[in-house]
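Trainee: I have a structure here, written as structure tokens, and I will follow up with some questions on it.
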Amino acid sequence: MYKINWMFAFVIALISCNSISCYAQPLDERTISRLAADSVWLRLLHFETPVAIPGNSKSAIHSENFFRSPSGAYDARKELEATLAEMERINTEPNKDIRCRFPARVSWIEAQTGIKDDVDTKQLCPAFYAWAHGNNDEAIDRRITSISIVLATGYLGNPASYYGHTLLKFNSHGSDTSLDLLDKTVNYGAFSTHGDNPATYIIKSILGGYDAGFSQIDFYFHENMYGENENRDLWEYQLDLPQADVDFVVAHAWEVLGKEYTYYFFRQNCAYRMAEIVQVLPGLDIIPHDRPFTIPQTLTQKLAHATYAGHPLIAKVVYYPSRQSRFYDKYSKLKPQQMALLKHMVRQGVDINIADVKALPVDAKQQVIDGVIDYYRFANENPQAPTSQLDPNYLKAVTARFVLPPGNSQEAIQRDVSPDMGRPPSWAQLGGIYSSHDGNAISLRIRPAYYDQLDGDGSHVRNASLRMGDTQLSVKEGNIKLHRFDLVSVDSVNPGISGLPSDRGLAWKVRVGAEQGITGCLDCLVARSQADVGMGRQVTQHTFLAGYVGGGLQTDRYDQGTAFARASIDVISRFDEYGLGMRANIEHRQGLESSIQAQLFFRGEIRWAILPSIDLRLNYEHSDGPGSGQVLNAGIGSYW
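And the structure:
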């Protein structure tokens, strides 16, 4: 009878107490309120102020299964209470317990309260254990021991990748080298963008028209897609974190996999979300806050200056050159005779028995054949193609290379400027302007992003440009007028360094904005969109030459018509060791209406970088034909 009464009393006690006090009786109201307002708890829930519509803070995640409370998406305290209640019991069904689904939340609460259940996570949560340690049936424990933030440099062939792409790489202690292709990565991107043209993509991604989320895939997929398919260099920034903090970030990444966010191209993009995952660590702040947009390069610059636990956050930087970079590096190190032999083999067939090749020393032969092999790897549009589809000349080169001795190990490719060392992405200029029609005025220009042909550095496509929101104003006698505006302006070039069949230097331009319809006028604005296609070539170490044909549409003002065709030549000379760059452009423009006369334009620009974040520029433009005139602009610019 006593035993029955005791059990009855125990059951009544369980029913009568609330969920919080039963699990953690020491947690009084003050403690619960403190934990609910803690910055780490809010970061675990991804609470933030909405971007599109201002309002109270709430979670950026809108997947219902991310929350334990029906109001957890906007009430952090309710979510904490619901989490504590669920932690009272253990669900023995594999992978269903809250410790399996939200391991970072649980570990943080346990650390804050001192309450910890003795649970075998390996048995209770096999899916999470496999994520953090490798498969359960593996003989070797491949526990994730470090975390890297990886930057893929910009790709001008896709608006989604103009500014580059950022992902997380989880490094296991089973990695023998920095390039372990089986390491896990976490990627963030918009869902269901297939079929949308570039204009639709940009508009929808700016306005939050896409759902987005995190996905997991092995590193080899990204290394292949970016480095091999799209010829984009990869930069890995390995973080110096204690193992406990690595475990915490890994656990939180597990929690958000597959959860839905709203994608915003300029701010809450891949770089923002990756930084958000890492800075769940207490006291760490690596999201760039000094501008309303998040460019992946600015994240690497933030990392370079960040400290954690009293030491620099970055442990090391690893560079993964693309197949284009590898070929160009090999080609640039050849002597003129070797370059000529490489081109001969590509055009006439590989043969190491011809007299000129036989006369070379063994190491020189190795360099030529290695260059041929890298050329075909660069030229191959499908690096995963089966052997039967590969160029026979490539297979001959591989066979010829096996005939030669192994040779010395090749030096790693070095880059003078890594993305974290580059200048900031935004630029503002103050100067003076002289126009042949309106005289002198003050010039104010601001380019929020990103780079042009004269200031691109190691993290940008050389001799190319990507400008968005580039705005120039003229101020005269108290009147402010819009002188020029580039909504978007892209100049994409391939340097065509070798001039071989698959390295001809395809180039193209697209620009949408407004500019003066009459050269030398400060109040003759016309809206204009234009596009060109051409070929470019790096003719010397310092000089790039490109020719284009194209045309444009414009508002019909000043008797210039609504459509025109044009041909142009660009010459770009850069002497980076002196901080000096020069660009000249000659354009012949013909209106497509019969009554419109031809126009000839000359444009020149000189840039001198007097400091890493300060430059001086001189711009000159002259035109002949309808609306002829000239304009001269000089100013000092600052990068921020």
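Numbers 17 to 656, taken from our numbering, label the letters of the sequence shown in order.
Note that CB positions come from ideal geometry on N, CA and C, so glycine has one too.
L100: buried (16+ other C-beta within 10 angstroms of its C-beta) or exposed?
Mentor: Per the 10 Å Cβ criterion, buried.
Trainee: Since R121 and Q295 are thought to touch, with beta carbons under 8 Å apart, how far apart are those beta carbons, to the nearest angstrom?
Mentor: No, R121 and Q295 are not in contact; Cβ-Cβ is about 16 Å, not under 8 Å.
Trainee: Given that a residue counts as buried once 16 or more other Cβ atoms are within 10 Å of its Cβ, and exposed if not, what is P511?
Mentor: It counts as buried.
Trainee: Can you check which of these residues, R84, S611, S75 and I106, is closest to E97 by C-alpha distance?
Mentor: When only C-alpha atoms are compared, the closest one is R84.
Trainee: Looking at the secondary structure, which residues open and close the alpha helix (DSSP H) in which N409 lies?
Mentor: Run containing N409: P408 to V419, per the alpha helix (DSSP H) assignment.
Trainee: Is N479 closer than 8 Å to V504 when the C-beta atoms are compared?
Mentor: Contact: no.
Trainee: Figure out for me which residue from L522, F560, G568 and A53 has the closest Cα to the Cα of D586.
Mentor: Closest option to D586, Cα to Cα, is F560.
Trainee: May I have the straight-line CA-CA distance separating Y574 from Y467, to the nearest angstrom?
Mentor: Looking at the two C-alpha atoms, the distance is approximately 32 Å.
Trainee: When you compare each of V542, V528, A583 and R590 to Q557 by their alpha carbons, which one comes out closest?
Mentor: Ranking the options by Cα distance to Q557, first place goes to R590.
Trainee: Starting from the C-beta of C141, find all residues in its chain whose C-beta is less than 8 Å away, skip the five residues before and the five after it, and write them out in chain order.
Mentor: So the list reads P110, N111, D113, R115, C116 and P119, once near-sequence residues are dropped.
Trainee: Using a 10 Å radius around the Cβ and a threshold of 16 neighbouring Cβ atoms, would you call F418 buried or exposed?
Mentor: Classification of F418: exposed, given that the 10 Å Cβ count is below 16.
Trainee: Using 8 Å as the limit for Cβ to Cβ distance, is E80 near chain D?
Mentor: Going by chain labels, chain D is absent from the structure shown, which holds only one protein chain.
Trainee: Would you decide whether W656 is buried or exposed? Buried here means 16 or more other CB atoms lie within 10 Å of its CB.
Mentor: It is exposed - the Cβ of W656 has fewer than 16 other Cβ atoms within 10 Å.
Trainee: Thinking C-alpha only, which one of V166, A465 and Q554 is nearest H238?
Mentor: For H238, the nearest C-alpha among the options comes from V166.
Trainee: Taking contact to mean 3 or more Cβ pairs, one atom from each stretch, closer than 8 Å, check whether the region 286 to 294 and the region 164 to 184 are in contact.
Mentor: These segments touch.
Trainee: Cα separation between V384 and K332?
Mentor: Computed Cα separation, rounded: 33 Å.
Trainee: Taking contact to mean 3 or more Cβ pairs, one atom from each stretch, closer than 8 Å, check whether the region 343 to 351 and the region 364 to 376 are in contact.
Mentor: Taking 8 Å as the limit for Cβ pairs, the verdict is that the region 364 to 376 does not touch the region 343 to 351.
Trainee: Taking only three categories from DSSP, how would you classify K497?
Mentor: Note: K497 maps to strand in three-state DSSP.
Trainee: Cutting at 8 Å between CB atoms, please list the residues of its own chain near N456, excluding the five before and the five after it.
Mentor: G448, I449, Y450 and K492.
Trainee: Which residue wins for smallest C-alpha separation from R283, given the options K381, Q353 and E64?
Mentor: The option with the nearest alpha carbon to R283 is E64.
Trainee: On the DSSP letters alone, give me the boundaries of the beta strand (DSSP E) that Y655 sits inside.
Mentor: Per DSSP, Y655 belongs to the beta strand (DSSP E) from G645 to Y655.
Trainee: Is the distance from the Cβ of G211 to the Cβ of T278 below 8 Å?
Mentor: No. Outside cutoff.
Trainee: For the alpha helix (DSSP H) containing D379, name the first residue and the last one.
Mentor: Unbroken alpha helix (DSSP H) run through D379: V378 to A395.
Trainee: Just the Cα atoms here: how many angstroms apart are R544 and V528?
Mentor: Approximately 6 Å, taken between the alpha carbons.
Trainee: Quick one: measure Cβ to Cβ for F186 and D199, integer angstroms, because I've assumed they're closer than 8 Å.
Mentor: Right, the Cβ-Cβ distance comes to about 6 Å (below 8 Å), so this counts as a contact.
Trainee: Suppose only complete runs of 4+ residues qualify. What are the alpha helix (DSSP H) ranges in the region 297 to 364, listed by chain order?
Mentor: If we require 4 residues or more, the alpha helix (DSSP H) runs fully inside the region 297 to 364 come out as 312 to 321, 339 to 348 and 352 to 364.
Trainee: Please return the same chain residues whose Cβ sits closer than 8 Å to the Cβ of K318, not counting the five positions on each side in sequence.
Mentor: Excluding sequence neighbours, K318 sits near A291, I302, I303 and P304.
Trainee: Are there three or more Cβ pairs, one per stretch, closer than 8 Å when the region 356 to 365 is compared with the region 323 to 341?
Mentor: No, they do not touch.
Trainee: Can you grab the Cα-Cα spacing for the pair S75 / S584, in whole Å?
Mentor: Their Cα atoms are separated by approximately 51 Å.
Trainee: Measuring CB to CB, does L406 end up less than 8 Å from Q382?
Mentor: Not a contact, by the Cβ cut-off of 8 Å.
Trainee: Determine the direct distance from the alpha carbon of W443 to that of G474, and round the result to whole angstroms.
Mentor: When rounded, the distance between both Cα atoms is 17 Å.
Trainee: Taking V202 as the reference, give the member of N247, T216, I222 and Y236 with the closest Cα.
Mentor: Looking at the Cα atoms, Y236 is the closest of the given residues.
Trainee: With E45 as the anchor, note down where its alpha helix (DSSP H) starts and where it stops.
Mentor: Taken as a continuous stretch (DSSP letters only), the alpha helix (DSSP H) holding E45 covers E45 to A53.
Trainee: Can you tell which of M551, S611 and Q532 has its C-alpha closest to the C-alpha of E637?
Mentor: Among M551, S611 and Q532, the Cα nearest to that of E637 is on Q532.
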